[in-house]
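J.: Sequential numbering from 36 applies to the sequence shown in our numbering. For every residue, glycine included, the Cβ atom is placed at its ideal position computed from N, Cα and C. Here you go, one structure.
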Amino acid sequence: MAGGVKKPVNIFKLKNLGEPNEVFNWRLWFAVFSFGLLGAARGVDEGLISGAFNAKNFQQSINYDSYSAYERANIKANVSSMVQMGCVAGALIAFLICDKIGRIWATRQLCVLWIFGIAIFMGSNGNLGAIYAGRFIAGLGVGQTAVVGPVYIAEIAPASVRGLCTCIFTGFVYLGIVLAYFTNYGCQVNMGDDTPNRWLVPTSLHIMFAGIIFLLTFLQCESPRYLIKQGKYQKALEVMSRLRHLPQDHEYVQREINAITLSHHEEMEATKGAGPLGIIKEAFGIKSNLYRVVLTITAQIMSQWSGAGSITLYAPDLFHILGIRGTNEKLLITGVFGITKLVAAVLCALFLVDFIGRKRSLMIGITFQAVSMVYVASFLTAVPGLGGGGDDYRLGGSELAASRGAIAMIYLSGFGWALGWNSMQYLLTAELFPLRIRAFCTSLAMTFHFVNQYGNSRAVPNMLLPVADGGISPQGTFWCFAAVTIIGGLWVWFFVPETAGRTLESMDRLFSLPWYKIGLYGNRDAEIQDAAANEKGDLADATRANIEMQGTSSNDTHDAIRRAS
36 MAGGVKKPVN IFKLKNLGEP NEVFNWRLWF AVFSFGLLGA ARGVDEGLIS GAFNAKNFQQ
96 SINYDSYSAY ERANIKANVS SMVQMGCVAG ALIAFLICDK IGRIWATRQL CVLWIFGIAI
156 FMGSNGNLGA IYAGRFIAGL GVGQTAVVGP VYIAEIAPAS VRGLCTCIFT GFVYLGIVLA
216 YFTNYGCQVN MGDDTPNRWL VPTSLHIMFA GIIFLLTFLQ CESPRYLIKQ GKYQKALEVM
276 SRLRHLPQDH EYVQREINAI TLSHHEEMEA TKGAGPLGII KEAFGIKSNL YRVVLTITAQ
336 IMSQWSGAGS ITLYAPDLFH ILGIRGTNEK LLITGVFGIT KLVAAVLCAL FLVDFIGRKR
396 SLMIGITFQA VSMVYVASFL TAVPGLGGGG DDYRLGGSEL AASRGAIAMI YLSGFGWALG
456 WNSMQYLLTA ELFPLRIRAF CTSLAMTFHF VNQYGNSRAV PNMLLPVADG GISPQGTFWC
516 FAAVTIIGGL WVWFFVPETA GRTLESMDRL FSLPWYKIGL YGNRDAEIQD AAANEKGDLA
576 DATRANIEMQ GTSSNDTHDA IRRAS
């Protein structure tokens, strides 16, 4: 560095990509914070619904005790999972909304849907139909958060800290869970079961978060990559300059805008500007894109059926199965469980995902999950009194110690889930795809995410029932989770490539190998291609072309980029 001043080392980056210090400024972090808050949507619902449903005044309002055990399991599953059902539809339409009105307005409309649905739920007055409808409508908004948030963050974040920035979204999932768990606990301790409509107090947390996010959007700018996709090159340059806290003619800003513009131009040339059908054809008809689609969809299936999501949703019930009987004790232990996952998410975001890489972090998390699931399944198999769901069974001696070990393993599984699958399922989905099909493919992946989350959350109450009542028992449920987790770990090892430290525009090089080599050799060979491209000076030529065409029309811009490429 000039004057002998050394550039500070960023301990949160996998490698130094030469970004100016100004790039890591308060505007970037404020934008990441604002859109990261969207992650709290799912966390708040997952943390609140079990406590709200278990509140005696809520159960009384729907005459819960008048139903049979099988009917009660179905009602609980329906109420808990109806948001996930809405999320399926929300994620499916998210790409259309994102590409039609932009990331900012997409966020505003999803907040309105979210608030409207929760308002219907809170005003249902015990009507199951209104409860289902309200939670479904809320899900339409919540489902879009998993598309809009990670896509926006990935599109504005510098490559060296993109993992950190995107994992902030995951961190807010757990912040929402922790706040929801302790809101339930605080209401139970201070208001008790006799307060009329007590469940409405924690449920209002939904409206608070949606309102805050809605207001924050008015302080943010549209994604530069979306603006380029719309042909607004000068506006994209202005926004990028503002986000990077550098002048518009700075080499770094020019290079970044040029790379995005060139990549988008090449995509348009390859598809001849085709419409929605062209996007679908591009996603499924090009082998490298199809591999990415299969990769992200399989990640959603493996992650959701590993069981960690349903453990979050039904944590009080699972701690009850493991021997915790007191209501306050269950809620407190559940709250500590949420803190454990939040700490893991923070550690993953700050020290792992961009430091040791995505794949290693994911493998560490899956290993923790697998060990935990096998232990809990073995414990419930060895203590059939608990595994059979007997409330009168009392633990003693070594069984009590093993029970506390099983609870510790539930914490470890949550820790591993936050380190691995729950961070990577958003990050990989948001960063793998070309700009033209990014919103569509992210939306498709998140649709599968919520389909499987719905299926899992809907099935678990019935799976936990004893075999005699039509379930597979608690121990059978955890053995199932353990098997899926182990299979998922093997799949990640062979098929998931490392993406840390790469720009979004250079992801194609990862997928130039045959599909069976990408997971093991993709990153190594892509780095060789990067070095070859740099030697040819392709990026420098494109940068110069971009600088030369300042002040030209959009058509002239396309012509200049064509000549540069």
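1) Taking residue 467 as the reference, give the member of 491, 330, 493 with the closest Cα.
2) Does the distance from the CB of residue 188 to the CB of residue 114 come in under 8 angstroms?
3) Do the region 504 to 513 and the region 219 to 227 meet, that is, are 3 or more Cβ pairs less than 8 angstroms apart?
4) Under the assumption that residue 480 contacts residue 292 (Cβ atoms under 8 angstroms), give the Cβ distance between them as a whole number of angstroms.
5) Could you check which residue in 326, 102, 201 has the C-alpha nearest to that of residue 549?
6) For residue 61, count the other beta carbons within 10 Å of its own beta carbon; 16 or more makes it buried, fewer makes it exposed. Which is it?
7) What ranges does the alpha helix (DSSP H) occupy inside the region 139 to 191, keeping only unbroken runs of at least 4 residues that lie completely in it?
8) Consult DSSP for residue 59 and reduce its assignment to one of helix, strand or coil.
9) Taking only the alpha-carbon atoms, compute the straight-line gap between residue 118 and residue 146 and give it to the nearest angstrom.
10) Give me the Cα-Cα distance between residue 476 and residue 464, rounded to the nearest whole angstrom.
11) Give the DSSP-derived three-state secondary structure of residue 468 in the structure shown.
12) Would you mind working out which of 173, 96, 228, 263 sits nearest residue 160, comparing C-alpha positions?
13) What does a CB cutoff of less than 7 angstroms around residue 234 pick up in its chain, not counting 5 residues either side in sequence?
14) How many angstroms separate the CA atom of residue 278 from the CA atom of residue 478?
15) Look at the alpha carbon of residue 294 and the alpha carbon of residue 266, and state the distance between them as a whole number of angstroms.
16) State the DSSP-derived secondary structure class of residue 232, mapped to helix, strand or coil.
17) As an exercise, report each continuous alpha helix (DSSP H) stretch of at least 4 residues that is fully enclosed by the region 199 to 287, in chain order.
18) Report the option in 460, 110, 248, 415 whose CA atom is closest to the CA atom of residue 496.
19) So, for residue 340: in the same chain, excluding its five sequence neighbours on each side, which residues have a beta-carbon less than 7 angstroms away from its beta-carbon?
20) Using a Cβ-Cβ cutoff of less than 8 angstroms, which residues in the same chain neighbour residue 83 once the five nearest sequence positions on both sides are dropped?
21) On the premise that residue 252 lies in contact with residue 142, defined as a C-beta separation below 8 angstroms, what is that separation, rounded to the nearest angstrom?
22) Let me know the secondary structure DSSP gives residue 334 once reduced to three states.
23) Does the Cβ-Cβ distance between residue 208 and residue 342 come in under 8 angstroms?
24) From what residue to what residue does the alpha helix (DSSP H) around residue 343 run?
25) Among residues of its own chain, excluding the 5 on either side of residue 211, which ones have a beta-carbon nearer than 6 angstroms to its beta-carbon?
26) Considering residue 90, what are the terminal residues of the alpha helix (DSSP H) in which it resides?
27) Consult DSSP for residue 399 and reduce its assignment to one of helix, strand or coil.
28) Do residue 500 and residue 108 have their C-beta atoms within less than 8 angstroms of each other?
29) In this structure, how does DSSP classify residue 358 when only helix, strand and coil are distinguished?
30) Can you grab the Cα-Cα spacing for the pair residue 348 / residue 493, in whole Å?
31) Is the CB-CB distance between residue 204 and residue 185 below 8 angstroms?
32) Excluding sequence positions up to five away, which residues of its chain have a Cβ less than 6 angstroms from the Cβ of residue 472?
33) Going by alpha carbons, who is nearest to residue 334 out of 193, 485, 391?
34) Using the Cβ count rule (16 or more neighbours within 10 Å means buried), how would you classify residue 243?
35) Could you tell me the distance, in whole angstroms, from the CA atom of residue 474 to the CA atom of residue 134?
36) So, residue 483 versus residue 336, is the Cβ gap smaller than 8 angstroms?
T.: Quick answer:
1) That would be 330, whose Cα lies nearest to the Cα of residue 467.
2) No, these two residues do not count as a Cβ contact at 8 angstroms.
3) Here the region 504 to 513 makes no contact with the region 219 to 227; the two share fewer than three CB pairs at distances below 8 angstroms.
4) In fact, because the Cβ distance is near 27 angstroms, the residues do not count as touching under 8 angstroms.
5) Considering only alpha carbons, the answer is 326.
6) Around the beta carbon of residue 61, a 10 Å sphere encloses fewer than 16 other beta carbons of the protein chains shown; the residue is thus reported as exposed.
7) You should have 163 to 191.
8) Taken through DSSP and simplified to helix, strand or coil, residue 59 comes out as coil.
9) Rounded to the nearest angstrom, the two C-alpha atoms are 14 angstroms apart.
10) Looking at the two C-alpha atoms, the distance is approximately 8 angstroms.
11) Under the three-state reduction of DSSP, residue 468 is assigned to coil, being neither helix nor strand.
12) Ranked by Cα distance from residue 160, the first of 173, 96, 228, 263 is 96.
13) 87, 90, 92, 93, listed in sequence order.
14) Taking the straight line from one Cα to the other gives about 25 angstroms.
15) CA-CA distance, residue 294 to residue 266, rounds to 15 angstroms.
16) Residue 232 carries a coil assignment under DSSP once its states are collapsed to helix, strand and coil.
17) The DSSP assignment places 235 to 238, 240 to 251, 259 to 264, 268 to 279 as complete runs of the alpha helix (DSSP H) inside the region 199 to 287, in order along the chain (cut-off: 4 residues).
18) Looking at the Cα atoms, 110 is the closest of the given residues.
19) Around residue 340, the same chain offers 487, 491, 519 as residues with beta carbons nearer than 7 angstroms, after the five sequence neighbours per side are excluded.
20) Short of 8 angstroms from the beta carbon of residue 83, and not among the five residues preceding or following it, lie these beta carbons of its own chain, in chain order: 215, 218, 219, 237, 238, 240, 241.
21) Going by Cβ atoms, the distance from residue 142 to residue 252 rounds to 5 angstroms, so yes, they are a contact pair.
22) In the three-state reduction of the DSSP assignment, residue 334 falls in the helix class.
23) The beta carbons of residue 208 and residue 342 sit no closer together than 8 angstroms.
24) DSSP places residue 343 inside the alpha helix (DSSP H), whose first and last residues are 343 to 348.
25) Taken in chain order, the residues that qualify are 75, 78, 79.
26) For residue 90, there is no enclosing alpha helix (DSSP H), as DSSP marks it with neither H nor E.
27) Three-state DSSP puts residue 399 in a helix.
28) In this structure, residue 108 lies closer than 8 angstroms to residue 500 by Cβ.
29) In this structure, residue 358 counts as coil in the three-state DSSP scheme.
30) Their Cα atoms are separated by approximately 11 angstroms.
31) Contact flag set, yes.
32) The beta carbon of residue 472 is closer than 6 angstroms to those of 314, 317, 318 in its chain, skipping five residues each way along the sequence.
33) Measuring from the Cα of residue 334, the nearest candidate turns out to be 485.
34) The residue is exposed, with fewer than 16 neighbouring Cβ atoms inside 10 Å.
35) Here the alpha carbon of residue 474 sits roughly 7 angstroms from the alpha carbon of residue 134.
36) Going by C-beta atoms, residue 483 is nearer than 8 angstroms to residue 336.
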